[in-house]
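Structure first, commentary second.
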Amino acid sequence: MVGRSVAETMLDTTATLEDVLYPPIDAYEAGTLQVTDLHTIAWEKTGNSEGIPVVVIHGGPGGGGQPAYRQYFDPEQFHIIQFDQRGCGKSTPHAELRDNTTQAMVADIEALRVSFGIEEWHVFGGSWGSTLSLIYAQTYPERVISLVLRGIFMCRKSELKWFYQDGASHIFPDAFEPYREHIPEEERSDLIQAYYTRLTSEDGEVRRAAAKEWTRWEMATSRLFPDPSYLEKADDLDFAVAFARIECHYFINAIFVEEAHILNHASIIEHIPTVIVQGRYDVVCPARSAWELHKVLPNSRLIMVPDAGHSMGEVSIARELVSATNALCE
Ligand code: STX
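Shown next as structure tokens:
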């Protein structure tokens, strides 16, 4: 891929997710890496151990890896590395906020690469996974062969205000209501702060109740056509507590970098071939961020998907992601 380009995909309402993804597959190896006295990171390897290395960076932060993420790669061609970021999935301690920062997560990715003896790898990440992929690439540009990114999130004040305070609420007023009403009226002028207070409460019941509402809001808005089974993620309180606490901790701390850090340091990664897959109707991470990123990356291809929201589980997004990873084998 050379130079900057933009494409808008065609509508195809007949394909299913099974049609566009590779079949479900087991990891061939799984383990843990102790990265500090406190934190241990769970990882797994799938596909061809001699194949093209790719690391999968999951969302949230706090979302954890998923078996389905393996299915975005040809298992005969790729050596697929997945891991759970600090405090979530099978990483321990669960939902831990201490010593949990963007810089620490970048260091963990690098520690995994070194421990696996991989010289350089492709980096695949969506949503917060795009944020972390970009900051990892800006920290270790010589280790990143290419970036495949989806649902771009740069965690600027405008993006947080849009989703957690006032913006997406205009499109999903029904789903927003229980998220807002969980917080007493006098604290509603800063919902992220109000949730942070509850998500870090000494009282486990208070933490869990807040985690459920926070997570429901995000799950309810992730797709163009909301999927009820997606909402059930919020009922899995182990998932919800890690997801909500870690997300909120990162947002309260502005992801531990200066405002617009990614855009301000774009020149460091401008040589790296980058594919950006963006749902036009992504309400969680609106398309403006993908557009602004694309404009500062001269080797990026922006694929605007007209019939999708935020989720990589939407067929038209999945199709473009698989097409992007297939192209890495050519
Ligand atoms: N956070 C968006 C994000 O990264 C602002 C995200 N939203 N849902 C997810 O991630 C999961 C699919 C990992 C639950």
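Its first residue numbered 14, the sequence shown is counted upward by one per residue in the working numbering. The beta carbon of each residue, even a glycine, is placed where N, CA and C say it ideally should be. On a predicted model such as this, the values are computed, not experimentally measured, just so you know.
Asked: Judging by CA-CA distance, which residue of L306, G78, L237, I122 is the nearest neighbour of I282?; Found: L306
Asked: Using only CA atoms, which one of L145, P197, S159 lies nearest to A207?; Found: P197
Asked: Reducing DSSP to helix, strand and coil, say where L250 ends up.; Found: helix
Asked: Would you say the beta carbon of S214 is closer than 7 Å to some non-hydrogen atom of the ligand STX?; Found: no
Asked: Whole angstroms are fine: how far does the CA of S336 sit from the CA of Y16?; Found: It should be pointed out that residue 16 corresponds to Gly in this sequence rather than to Tyr. Roughly 18 Å between the two C-alpha positions.
Asked: For R201, which residues of its own chain have a beta-carbon under 8 Å away from its beta-carbon, when the five flanking residues on both sides are left out?; Found: R193, A207
Asked: Please name the residue, chosen from P74, P80, Y41, T53, that lies closest to E354 on a Cα-to-Cα basis.; Found: Residue 354 falls outside the range modelled here, since the chain spans only 14 to 343, and no answer is possible.
Asked: Below 7 Å, is the gap between the Cβ of V297 and the nearest heavy atom of the ligand STX?; Found: yes
Asked: Does D179 get closer than 8 Å to chain B when you measure Cβ to Cβ?; Found: Going by chain labels, chain B is absent from the structure shown, which holds only one protein chain.
Asked: I70 and S146: beta carbons closer than 8 Å?; Found: yes
Asked: When the Cα of N61 is compared with those of I93, E190, L160, which residue comes out closest?; Found: I93
Asked: By a C-beta neighbour count over all protein chains shown, 10 Å radius and 16 as the cutoff for buried, is N113 buried or exposed?; Found: buried
Asked: Tell me whether W175, by its Cβ, gets closer than 7 Å to a heavy atom of the ligand STX.; Found: no
Asked: Hey, Y85 and L160: beta-carbon distance below 8 Å or not?; Found: no
Asked: Assign G64 to one of three DSSP states: helix, strand, or coil.; Found: coil
Asked: Exposed or buried, R126, counting other C-beta atoms within 10 Å across all chains shown (16 or more means buried)?; Found: buried
Asked: With C-beta atoms as the reference, is T234 less than 8 Å away from V290?; Found: no
Asked: Compute every distance between the C-beta of S280 and the non-hydrogen atoms of the ligand STX, then say whether any falls below 7 Å.; Found: no
Asked: With DSSP as the reference, please indicate the residues paired to E57 in a beta bridge.; Found: A43, Q95
Asked: Using the DSSP secondary-structure output, state which residues sit across from Q135 in a beta bridge.; Found: For the record, residue 135 in the displayed sequence is His; it is not Gln. H135 pairs with V67.
Asked: Is the beta carbon of H107 within less than 7 Å of some heavy atom of the ligand STX?; Found: no
Asked: Using 8 Å as the threshold, is the C-beta distance between H135 and I165 below it?; Found: no
Asked: Run through DSSP, which three-state label would A108 get?; Found: coil
Asked: Since I believe I65 is in contact with L315 (beta carbons under 8 Å), could you give me their beta-carbon distance rounded to a whole number of angstroms?; Found: Going by Cβ atoms, the distance from L315 to I65 rounds to 23 Å, so no, they are not a contact pair.
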